[in-house]
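Chains as they are written, first to last, in my numbering: chain A, 1 to 430; chain B, 1 to 341; chain C, 1 to 175.
Cβ atoms here follow ideal geometry from the backbone N, Cα and C, with glycine treated the same way.
Below: the structure, in structure tokens.
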Amino acid sequence: MASTNPAVIMGDGTGLTKLGFAGNDAPSFVFPTAIASRSTTSGKSSAQPVFGGNAGSTTSANNNLASKRGMEDLDFYIGDEALKAANGPNYSLSYPIKHGQIENWDHMERFWENSIFKYLRCEPEDHYFLMTEPPLNPPENRENVAEIMFESFNCAGLYIAVQAVLALAASWTSSKVQDRSLTGTVIDSGDGVTHVIPVAEGYVIGSAIKNIPIAGRDITMFIQQMLRERGELDSSLRTAEKIKQEFSYVCPDIVKEFRKFDNDSEKFAQFIVENESKTSKKIIDVGYERFLAPEIFFSPEIANSDFLTPLPVIVDQVIQQSPIDVRKGLYKNIVLSGGSTMFKDFGRRLQRDIRDIVKERITDSEKLSHAKSSGVDVNVISHRRQRNAVWFGGSLLAQTSEFKAYCHTKADYDEYGPNIVRNFSLFSVP
Amino acid sequence: MLNLESSNLSLEKTLRELFTTEKSVSIDRIVSDFDNTLFHISTPDPAEKTKIVLSIFLKCYNDLVKYGDVDSYLRNAYNDSQWYTVLDQPEDGYNFSIFIDLQQISTTVLASPEEMESLIAKLSLLKRNALAAPFDVAFKRYDVLAQEAAVKNVDLYVPEENSEEATSVINYREDETIYIRPSHDRVTVIFTALFKDETDKIFGNVFLQEFVDARKRSIQNAPQVLFSPYEPPLELRGLPEFQNFNYGQQSATSKYDKGFVTFVLFPRHLVPQKRENTITQIQLFRTYFHYHIKASKAYLHSRMRKRVLEYLKILNRAKPDQEEKDIERKTASGRRFVQRI
Amino acid sequence: MPAYHSNFVGEDADARKIGNFPLLSFRTNYKGPSYPTTQEYDIIDEVLDLFRPNSFFKNFEVKGGADRSLIYGILYTSQALNEINKTTSQASAIKALNNLALEDFSLPGDPSFPLNNVFTSPKDRVEYNLLKSYLNQFRQELSARLIAKLYQNDIHNPDKFWLALSKRKFMNKSL
Chain A
1 MASTNPAVIM GDGTGLTKLG FAGNDAPSFV FPTAIASRST TSGKSSAQPV FGGNAGSTTS
61 ANNNLASKRG MEDLDFYIGD EALKAANGPN YSLSYPIKHG QIENWDHMER FWENSIFKYL
121 RCEPEDHYFL MTEPPLNPPE NRENVAEIMF ESFNCAGLYI AVQAVLALAA SWTSSKVQDR
181 SLTGTVIDSG DGVTHVIPVA EGYVIGSAIK NIPIAGRDIT MFIQQMLRER GELDSSLRTA
241 EKIKQEFSYV CPDIVKEFRK FDNDSEKFAQ FIVENESKTS KKIIDVGYER FLAPEIFFSP
301 EIANSDFLTP LPVIVDQVIQ QSPIDVRKGL YKNIVLSGGS TMFKDFGRRL QRDIRDIVKE
361 RITDSEKLSH AKSSGVDVNV ISHRRQRNAV WFGGSLLAQT SEFKAYCHTK ADYDEYGPNI
421 VRNFSLFSVP
Chain B
1 MLNLESSNLS LEKTLRELFT TEKSVSIDRI VSDFDNTLFH ISTPDPAEKT KIVLSIFLKC
61 YNDLVKYGDV DSYLRNAYND SQWYTVLDQP EDGYNFSIFI DLQQISTTVL ASPEEMESLI
121 AKLSLLKRNA LAAPFDVAFK RYDVLAQEAA VKNVDLYVPE ENSEEATSVI NYREDETIYI
181 RPSHDRVTVI FTALFKDETD KIFGNVFLQE FVDARKRSIQ NAPQVLFSPY EPPLELRGLP
241 EFQNFNYGQQ SATSKYDKGF VTFVLFPRHL VPQKRENTIT QIQLFRTYFH YHIKASKAYL
301 HSRMRKRVLE YLKILNRAKP DQEEKDIERK TASGRRFVQR I
Chain C
1 MPAYHSNFVG EDADARKIGN FPLLSFRTNY KGPSYPTTQE YDIIDEVLDL FRPNSFFKNF
61 EVKGGADRSL IYGILYTSQA LNEINKTTSQ ASAIKALNNL ALEDFSLPGD PSFPLNNVFT
121 SPKDRVEYNL LKSYLNQFRQ ELSARLIAKL YQNDIHNPDK FWLALSKRKF MNKSL
């Protein structure tokens, strides 16, 4: 019956949630995964009456439970509204997802409740849902998700996909991709952390995943630091963020880039900060941070003294730690995902650096073995949907006619119980 | 979130983005709404990115045409602005299309944000307005009937005898229907209540009972609500689908295994200044109802989780301490006690 | 990517050496022990070229004698930039840097020299004096070329993008 209703794609990340419908090229909503709920200021929160409670101490509370119970559970905000509400009194903000995994299920359930009814405006009974999960998500968490989706919301059908696999699927839109395989290395860089995840035929090679503590926020802070050192008129985080988005790019070589700035004053840019009422203007000069900021992926030393391994080296290590028979495939299909991979020429530089590393190893081993290597193909794939790659991959898969056949339906759930979602069959390549 | 809004937030946001971005981009986006409603915002001609078509698909459009003449109702509602025009031929696969030229809008409207906001608000109420058509017809019919009754001097609260007045049947969802029936002193709106899930059914019955009782207790101004768990109300007797129904025969396995919720809108709800609001509120009834069933399940879940945590604490307390015999004890100088056997 | 190394590593084999510090020749009008040279790109140019990228790096592996010249040059540049502020005019900058170049400074081997783990000290008094006068000349020439760069576009105000880098410390050290 739900034939006309598009599937819903919900991508809940640590920082941002992306909501939308299958078939669209971008999510309808992107907002912080935050929920502001009414803070229970009175001491009652600990002695909250328990449903059906028969413990002696709570019986008195139970008697007038109906009169006491208001609609507090509906008094909350999510997303941008949550941030706003948390500025005022009475509301406290919380982020239910930590390090990619859902920590607070109460908040998450209400977050979804609001996402579905207020933002997406759909009756979950009419729609199939595709939800995303981080790599190495424990199966128990999947079951919890299924419990909420099927029991609270009665959703028609559910598919839970690993983010990295969806990011691979999203890269199929790139003209560089000839065969639509689900083997590749995904570099997923958001605001807080960057993951390098090898995927072989749709399965994540968990043992080889590596995380890098350098991501969007570090780049913003680096720019902020440079603005401060130069004593610019405005060095707020917001300004730094804008400069990052508008002016930053990756250069092939910093020394040459410095020289380019010397010879061409056009390279220096100006960014104008206006205050809210547009009465005053501040002009901020933008200089070397244009190319130095994204450079911290490639020379982490310049921003941080704790972590010194460049991204290309990490990618190479990850692939080297994967099983030998998939390595060629992993080198051949390195896919970018997430906002912090959007810098101009990021993919090109990464490809060059990884190629150099691989070439060096091949020459070494040729010298040692006196055998000619057949060579390793290194390809880094950039595409237009990179920013919301995971969501977009979900949208691509969920609009195929086969999608519903891969979902578990409400009837399946009622028949077999939550552990049915421990396994989802992979999409065959359409 | 206590209340559901009647405008579509996603549509609103998409339109605002389109109106405010400086460089125009081609767009092809679907947005869904409750009750099998689908919007489509697109730029049909990729060469002309400023020409936008907004279309709506409603499952019950045919019913709306039949009972509400929705087409002319909407045309009437959306001919008040120069910024958009209603297309004569709706987009393929959709019921109703509005054409917007961004170029015209961006130059003039952007200067006044209020005007833009009201424009966006109007467009994002498209679904509400479409569904309002049959209500509008019914309310107008009520006006006529009430006037006739006043002329004939019929006592207001005498139940009318003739049941010839036509009932609008809007099959707004699969197996779920809104019936609207005007008469000289009231407009009766009946929703079918159907639950796919047994648990929901129980919740639903409790909720509806509360609804019925609420008016008795405190809220005198609210419309009268009647709930019949399986028997079609007598107002619907005349309809062909209920003609063979055996009243008074209690059978859960009856063919009509759904409940009926009756709202009786009295003249005070139908005064012109309240009319629009009444329409807005009543068409969201079903969604609102189901939303609250789901929200209360979520609430129960959080209490269950809390309870489980409490129990776990008790269980953990009950764990015996680690057995002590394996622990080696030493004196301050490092000597050990060894038990001689 | 690690910090950039000097291109003169390897070319310094025939240069005179004091300890492990090569006395590379450079173009200059200042008097001193540097041999005259006509090469277009000398160590001083390189110092000014690599100062900006390298000042962001905290680690540097010395690969040859010329890298030591580079380190010394970069640290001196940083010290020189600290003498100048946003409003220093070209004339007063010349004066300040001249003073800085000629003032008493420590040499490898002196207890106050910060890079003694990378540099070896001169063997005797003769070498010590030679190194001192070489570095004097080096510092003067570097100061002159640095000022030319800083006031390239505006003779009243130094380039603020350069000045900002004075807060960075190459190898976490300063002279």
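| Asked | Found |
| --- | --- |
| Using only the alpha-carbon positions, how far apart do C/Q137 and C/N153 sit? | 26 Å |
| Assign C/N59 to one of two classes, buried (16 or more other C-beta atoms within 10 Å of its C-beta) or exposed (fewer than that). | exposed |
| Determine, using beta carbons only, whether A/M226 comes closer than 8 Å to chain C. | yes |
| Return the chain-ordered ranges of every beta strand (DSSP E) run that is complete within the segment 330 to 364 of chain A and spans a minimum of 3 residues. | 334 to 337 |
| Kindly list the residues whose CB is nearer than 6 Å to the CB of B/L125, restricted to its own chain and excluding five residues on each side of it in sequence; keep chain order. | S7 |
| Among residues of its own chain, excluding the 5 on either side of A/N304, which ones have a beta-carbon nearer than 6 Å to its beta-carbon? | none |
| So is A/C122 in contact with chain B if we call contact Cβ pairs under 8 Å? | yes |
| Rounding to the nearest angstrom, what Cα-Cα distance links B/F191 and B/I105 in this structure? | 41 Å |
| Could you tell me how far apart the beta carbons of A/G393 and A/A170 are, in whole angstroms, since I believe they sit closer than 8 Å? | 4 Å |
| So which of A/T33, A/E151, A/Y159 has the shortest CA-CA distance to A/H99? | A/T33 |
| Closer than 7 Å between beta carbons: that is the criterion. Which residues of the segment 52 to 63 of chain C meet it against chain A? | R52, P53, F56, F57, K58, N59 |
| Distance check for C/F26 and C/Y35, CA to CA, integer angstroms please. | 7 Å |
| Could you check what DSSP says for A/K282 in three-state terms: helix, strand or coil? | strand |
| Helix, strand or coil for A/N63, going by three-state DSSP, please let me know. | Note on A/N63: pLDDT 36, under 50, position unreliable in the model; the coordinate value appears next. Helix at A/N63. |
| Under a Cβ-count criterion, where at least 16 other Cβ atoms within 10 Å of its own Cβ denotes burial, should A/H127 be classed as buried or exposed? | buried |
| Return the first residue and the last residue of the alpha helix (DSSP H) that B/P113 is part of. | 113 to 124 |
| Using only CA atoms, which one of B/S302, B/A318, B/K330 lies nearest to A/E72? | B/S302 |
| Around the Cβ of B/G334, are there at least 16 other Cβ atoms within 10 angstroms (buried) or fewer (exposed)? | exposed |
| Could you tell me whether the Cβ atoms of B/P134 and B/S168 are closer together than 8 Å? | yes |
| Are three or more beta carbon pairs between the segment 156 to 167 of chain A and the segment 307 to 316 of chain A nearer than 8 Å? | no |
| Please classify A/R385: does DSSP put it in a helix, a strand, or coil? | coil |
| Please name the residue, chosen from A/I354, A/I97, A/F117, that lies closest to A/M108 on a Cα-to-Cα basis. | A/I97 |
| Note the first and the last residue of the continuous beta strand (DSSP E) segment covering B/P182. | 176 to 182 |
| Does any residue of chain E have a CB that is nearer than 8 Å to the CB of B/R317? | Considering every chain present, this structure includes no chain E. Its protein chains are A, B and C. |
| Look up B/P267 in the DSSP assignment and say whether it is helix, strand or coil. | helix |
| In its own chain, which residues sit with a C-beta less than 7 Å from the C-beta of C/R68, not counting the 5 before and 5 after it? | N20, F21, V62, V118, F119 |
| Could you name the residues of chain B that A/P312 contacts, counting a contact when the two beta carbons are closer than 9 Å? | What A/P312 touches in chain B: nothing, since even the nearest Cβ is about 33 Å away. |
| Any chance the segment 131 to 148 of chain B sits against the segment 62 to 76 of chain B, with 3 or more Cβ pairs inside 8 Å? | yes |
| Give the residues of chain A in contact with C/A91, contact being defined as C-beta atoms less than 9 Å apart. | The premise fails here: C/A91 is roughly 23 Å from chain A at the closest Cβ pair, so nothing lies under 9 Å. |
| When you compare the CB positions of A/E201 and A/N154, do they come within less than 8 Å of one another, or not? | no |
| Of all the CB atoms in chain C, is at least one closer than 8 Å to the CB of A/E266? | no |
| Give, in chain order, every unbroken run of the alpha helix (DSSP H) that is at least 4 residues long and sits entirely within the segment 48 to 106 of chain C. | 65 to 83, 90 to 102 |
| Does A/S248 have its Cβ less than 8 Å from a Cβ in chain C? | no |
| Mind checking which residues open and close the beta strand (DSSP E) that includes B/V169? | 168 to 173 |
| Using a C-beta cutoff of 8 Å, does A/G23 count as contacting chain B? | yes |
| At which residue ranges does the segment 142 to 195 of chain A contain complete beta strand (DSSP E) runs of 3 or more residues, listed in the order of the chain? | 157 to 162, 184 to 189 |
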